[in-house]
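**Student:** One structure is given below, represented as structure tokens, and several questions about it will come after.
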Amino acid sequence: MAFKKGNSGNPQGRPAGTANKTTEAIRATVNQFISDNLPNIQAEYNNLESKDKLEFLNKLLAYTLPKLQAVQMDATIQPPPIDVSQLSNKQVKDLLNEIIC
Numbered sequence: 029m030a031f032k033k034g035n036s037g038n039p040q041g042r043p044a045g046t047a048n049k050t051t052e053a054i055r056a057t058v059n060q061f062i063s064d065n066l067p068n069i070q071a072e073y074n075n076l077e078s079k080d081k082l083e084f085l086n087k088l089l090a091y092t093l094p095k096l097q098a099v100q101m102d103a104t105i106q107p108p109p110i111d112v113s114q115l116s117n118k119q120v121k122d123l124l125n126e127i128i129c
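At position 84 of the sequence shown the residue is numbered 112 (my numbering), and the sequence of numbers has no breaks.
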């Protein structure tokens with residue numbers, strides 16, 4: 029029984045966030061491989077030069093931490109206006125001295 033053009037057997041599709049079965053299987057296989065070989069991986073890591081250790085960690089972090097996206101923001105700070113009419117002469121002079129110095 030064929031579907032009509034534009035209609036599928038699953039009109040709602042796969043739910044959002046559901047992982048691909050192949051991706052899940054590969055991820056599980058890689059995780060199992062790492063778990064089984066962790067002592068060997070640690071031994072090889074210990075034999076690396078400092079520069080190579082940093083490179084290894086940098087590559088590893090790409091798979092463990094989410095990548096950061098650039099964020100644009102306006103950091104202009106506007107101080108609240110000062111009503112100098114409520115200040116005494118001494119307070120105005122002190123304020124001016126503070127601004128000048």
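Backbone N, C-alpha and C fix where the C-beta goes; we use that ideal spot for every residue, glycine too.
Keep in mind that this is a model prediction, so the values were computed, not measured.
Just to confirm, are Val99 and Val112 a CB contact at a threshold of 7 Å?
**Tutor:** Contact: no.
**Student:** For Leu88 and Asn125, I'd like the C-alpha separation in whole angstroms.
**Tutor:** C-alpha separation (whole angstroms): 56 Å.
**Student:** May I ask you to report which of helix, strand or coil DSSP gives Ile110?
**Tutor:** In this structure, Ile110 counts as coil in the three-state DSSP scheme.
**Student:** May I have the straight-line CA-CA distance separating Gly41 from Leu66, to the nearest angstrom?
**Tutor:** Cα to Cα, the separation comes out at about 39 Å.
**Student:** Can you give the beta carbon distance from Ile62 to Ile54, rounded, assuming they're within the 8 Å contact cut?
**Tutor:** Not quite, the Cβ-Cβ distance comes to about 13 Å (not below 8 Å), so this is no contact.
**Student:** Within the same chain, show all residues whose beta-carbon is closer than 8 Å to that of Lys49, passing over the 5 residues directly before and after it, in chain order.
**Tutor:** Same-chain partners within the cutoff: there are none.
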